[in-house]
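If you're matching positions, the sequence shown starts at 217 in this note's numbering and goes up one per residue. Just so it is clear, CB atoms sit at the ideal spot from N, CA and C, and this is done for glycine as well.
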Amino acid sequence: MSNRPFDVAVVGAGPAGSATAVHLARAGLRVVLVDRSIFPRDKPCAEYLNPAVGPLLHELGVLEEIEATRPARVRGFRIHAPGGREFQGDFVTRAADGRTIVETGLAVPRLRLDHALLQAARRAGAEIREGWRLGQVVRESPGGPARLVPASEGGTIRARLVVAADGVHSTIARRLGLHAPRRMRKIALVAHVRGIAGLGDYGEIHVAGRRYVGLAPLEPAGVGDLCNVAMVVDEGRDGQRVAGRAQDFLLEALETFPRLRGRLARATVTRPTLTASRLAVRARRLSADGVLLVGDAAGYYDPFTGEGIYRALRGARLASGVAVEALTKGDVGAGTLACYDRLHARVFGGKRTIEVVIQVAVQVPALMDRVAAVLGARKGMADTMLAVTGDLLPPSAVLRPGYLLRLLV
217 MSNRPFDVAV
227 VGAGPAGSAT
237 AVHLARAGLR
247 VVLVDRSIFP
257 RDKPCAEYLN
267 PAVGPLLHEL
277 GVLEEIEATR
287 PARVRGFRIH
297 APGGREFQGD
307 FVTRAADGRT
317 IVETGLAVPR
327 LRLDHALLQA
337 ARRAGAEIRE
347 GWRLGQVVRE
357 SPGGPARLVP
367 ASEGGTIRAR
377 LVVAADGVHS
387 TIARRLGLHA
397 PRRMRKIALV
407 AHVRGIAGLG
417 DYGEIHVAGR
427 RYVGLAPLEP
437 AGVGDLCNVA
447 MVVDEGRDGQ
457 RVAGRAQDFL
467 LEALETFPRL
477 RGRLARATVT
487 RPTLTASRLA
497 VRARRLSADG
507 VLLVGDAAGY
517 YDPFTGEGIY
527 RALRGARLAS
537 GVAVEALTKG
547 DVGAGTLACY
557 DRLHARVFGG
567 KRTIEVVIQV
577 AVQVPALMDR
587 VAAVLGARKG
597 MADTMLAVTG
607 DLLPPSAVLR
617 PGYLLRLLV
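Here is the structure:
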């Protein structure tokens with residue numbers, strides 16, 4: 217085996233890491249992609265892909281493979297507020313000539329999606345090492361390659377640039393001091409469930425008691441009723457009740473949502489409940505000497521708007537562009553890589569603002585009820601909100617003063 221260092225070592229083979237590896241390998245770079253898991257494997261995730269994800273999957277060469285499995289197509293969402301108000305938004309936009317364009321999202325299990333993206337990275341020429349757990353990262357010399365040392369077996373890896381795609385609890389970001397915890401601490405509980413009555417081709421989000429739960433159908437309407445159930449609760453208030461009994465807690469808590477009562481008599485869990493804690497984290501920087509953060513490692517706030525996969529794939533494209541340019545110039549220093557931070561803020565900053573606003577509404581029931589009442593009476597505004605959360609329209613479409621005034625006054 218060659219002793220020459222890899223151009224890039226990507227740590228974490230979720231959507232962000234695998235997509236980054238695809239782009240970099242296609243650019244002719246020598247890439248290694250490592251993950252502590254053996255694929256295929258499950259992950260706690262809402263498993264909903266917003267409409268803007270389709271073109272990115274096509275670009276990566278996996279869209280046809282995903283569509284061949286006949287995933288559920290999600291036309292929009294029905295949002296149920298604590299006081300009983302609700303609204304429905306569809307994924308529609310307007311063409312320049314005034315035509316209405318109808319879009320759909322997809323619901324795809326991570327077991328299937330992540331494996332498809334990993335195989336795309338392999339086909340692109342990346343070297344794949346599964347079951348490889350990172351122990352430490354050591355810089356050989358200022359400006360020199362990094363050494364990635366495994367926690368057990370697996371062989372040390374040398375690389376000119378390291379891409380941290382190892383999730384919200386990123387080992388690399390934490391050890392480099394790039395992460396800062398947020399005051400908001402959430403736990404996500406995710407299960408596959410059959411038998412919930414009344415499912416269709418819309419996703420659902422139910423808000424009550426400062427908790428919320430999302431339902432994403434995993435089978436097309438009329439074919440089956442398997443759905444992903446993803447609940448987000450406050451760690452401080454519910455953490456002890458979740459510990460050691462996540463599935464029981466999930467089933468009990470579902471009954472506390474008014475519009476789910478009476479729909480759960482035949483519900484059965486088909487995949488054990490998975491959990492993720494300490495969800496919210498802020499990245500102080502997204503780059504350092506020889507390091508880029510992508511996906512959830514680049515910061516995570518709240519999954520309500522459901523664009524995590526889009527952010528992972530779009531962020532991978534941004535990071536790979538910066539990486540190729542830096543490696544071509546022979547400079548992967550913090551100053552050169554800092555342009556990634558600016559690009560990332562420009563592309564995703566508006567959505568972060570929307571996430572914060574929505575989280576405030578979730579925590580203030582009267583405000584959530586008010587928003588639901590307005591959007592329930594104004595379908596065009598509801599569709600605009602869904603188009604923004606689905607990354608079909610820019611965040612400015614709902615952050616502009618006129619929209620906010622009609623929403624809150």
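Item: Per-residue DSSP class, three states only, for methionine 584; Value: helix
Item: Entirely enclosed beta strand (DSSP E) segments - the stretch 263–334, minimum 3 residues; Value: 288–290, 292–296, 302–306, 308–310, 316–318, 321–323
Item: Residues of its chain near valine 507, where Cβ-Cβ distance is below 7 Å and the 5 sequence neighbours each way are ignored; Value: Val378, Ala380, Ile388, Leu392
Item: Distance between beta carbons of glutamate 263 and valine 324, contact taken as under 8 Å; Value: 6 Å
Item: Distance between beta carbons of aspartate 607 and tyrosine 172, contact taken as under 8 Å; Value: Outside the shown range of the chain, which is 217 to 625, sits residue 172, and nothing can be said about it.
Item: Contact the stretch 287–294 vs the stretch 413–426: 3+ CB pairs below 8 Å; Value: yes
Item: Assigned secondary structure, isoleucine 574 (DSSP; H/G/I helix, E/B strand, else coil); Value: helix
Item: Exposure of aspartate 512, with buried meaning 16 or more beta-carbon neighbours within 10 Å; Value: buried
Item: Those residues which DSSP pairs with glutamate 346 across a bridge; Value: Asp251
Item: Of the residues Leu240, Gln579, Pro361, the one placed nearest aspartate 450, counting alpha carbons only; Value: Gln579
Item: Candidates Pro488, Arg482, Asp454, Asn444, of which the one nearest glutamine 463 by Cα; Value: Pro488
Item: Inter-residue Cα distance where the pair is lysine 259 and leucine 249; Value: 18 Å
Item: Three-state class that DSSP yields for methionine 217 in the structure shown; Value: Unreliable positioning characterises methionine 217 in this predicted model, as indicated by a pLDDT of 44, which lies under 50. A coordinate reading is not provided.
Item: Host beta strand (DSSP E) of tyrosine 428 (start-end); Value: 427–433
Item: Check whether valine 587 and leucine 623 have beta carbons under 8 Å apart; Value: yes
Item: Between the CA atoms of valine 590 and aspartate 557 - distance to the nearest angstrom; Value: 36 Å
Item: Nearest-angstrom Cβ-Cβ length linking alanine 241 and alanine 340, presumed shorter than 8 Å; Value: 4 Å
Item: Rounded C-alpha distance that separates alanine 413 from leucine 334; Value: 35 Å
Item: Spatial distance of arginine 257 from serine 234 (CA atoms); Value: 14 Å
Item: Distance between alanine 375 and glutamate 471 (C-alpha atoms, nearest Å); Value: 51 Å
Item: Residue from Asp454, Arg457, Val384 whose Cα sits closest to the Cα of alanine 499; Value: Val384
Item: Continuous alpha helix (DSSP H) stretch holding glycine 596: start and end; Value: 595–605
Item: Contact under 8 Å by Cβ, glutamate 346 with proline 267; Value: no
Item: Proximity of methionine 447 and arginine 427 at Cβ, strictly below 8 Å; Value: yes
Item: Through-space distance from cysteine 261 to leucine 543, alpha-carbon basis; Value: 33 Å
Item: Reference aspartate 382, options Thr236, Ala481, Leu621, closest by Cα; Value: Thr236
Item: Span separating the alpha-carbon of aspartate 306 from that of valine 269; Value: 16 Å
Item: Minimum C-alpha distance to arginine 678 - residue among Glu541, Ala437, Arg338; Value: As shown, the chain starts at 217 and ends at 625. That puts residue 678 outside it, with no answer to give.
Item: Proximity of tryptophan 348 and proline 361 at Cβ, strictly below 8 Å; Value: no
Item: Contact check, aspartate 417 vs proline 433, beta carbons under 8 Å; Value: yes
Item: Straight-line Cα distance separating threonine 552 from glycine 359; Value: 12 Å
Item: Spatial neighbours of glycine 430 in its chain, beta-carbon cut-off 6 Å, leaving aside the 5 residues before and after; Value: Ala262, Ile421, Ala446
Item: Among Ser536, Glu435, Leu509, Glu302, the one whose alpha carbon lies nearest that of lysine 595; Value: Glu302
Item: Cα-Cα separation between histidine 560 and alanine 481, rounded to whole angstroms; Value: 45 Å
Item: Where isoleucine 317 falls, given that 16 or more other Cβ within 10 Å makes a residue buried; Value: exposed
Item: Reduced DSSP secondary structure (H/G/I, E/B, other) of arginine 453; Value: helix
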